[in-house]
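> Questions regarding the structure given below will be posed in turn.
Structural data, given as structure tokens:
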């Protein structure tokens, strides 16, 4: 995955990456885990770090507007928070699978 930006504002660092295919990509959790662990080794004295991983494919919502899904991970005070921004179609058809996948990602990061 290619790093797009790395910005640090005072004690908060945000890193943006592109692109992942979809959450069914077999090595995606391992890839994200490795990126995060590598970034943490290189981090300065920040209190919070956020990672944004963009999906490759742009989808259409019910209004035919483009939506790019993203996986977001935030580390604050040793606690990981994970979130997935999804299209309405993904919400209707894959919400439970996405929630399970996010829990798996969080469990992996907390090892």
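Residue numbers (my numbering): 567 to 677.
Where a beta carbon is used, it is the ideal one built from N, C-alpha and C, also for glycine.
Remember, it's a predicted structure, so these values are computed and weren't measured experimentally.
Tell me, which residues are paired with residue 617 by DSSP?
As a working note, residue 617 is residue 51 in the chain shown. Paired residue(s): 581 and 639.
> Where does residue 612 fall in DSSP's three states?
Position 46 of the chain shown, counted from the first residue, corresponds to residue 612. If DSSP states are grouped into helix, strand and coil, residue 612 belongs with coil.
> Within a Cβ cutoff of 6 Å, which residues of the same chain sit near residue 616, ignoring the five residues on either side of it in sequence?
In the chain shown, the residue the question calls residue 616 occupies position 50. Closer than 6 Å at the Cβ level, and outside the excluded window around residue 616, lie 580 and 640.
> Taking the continuous beta strand (DSSP E) assigned at residue 573, which residues delimit it?
In the chain shown, counting from the first residue as 1, residue 573 sits at position 7. Where residue 573 is concerned, the enclosing beta strand (DSSP E) stretches over 568 to 575.
> Out of 667, 633 and 663, which has the shortest C-alpha to C-alpha gap to residue 653?
Counting from one through the chain shown, the residue named residue 653 turns up at place 87. The shortest Cα separation from residue 653 among 667, 633 and 663 belongs to 633.
> According to the neighbour-count rule (16 or more other Cβ atoms, all chains shown, within 10 Å of its Cβ), is residue 576 buried or exposed?
Residue numbering aside, residue 576 sits at position 10 when the chain shown is read from its first letter. When all chains shown are included, residue 576 counts as exposed.
> State the beta-bridge partners of residue 658 as determined by DSSP.
Here residue 658 is taken as the residue at index 92 of the chain shown, counted from 1. According to DSSP, which records beta bridges pairwise, residue 658 is partnered with nothing at all.
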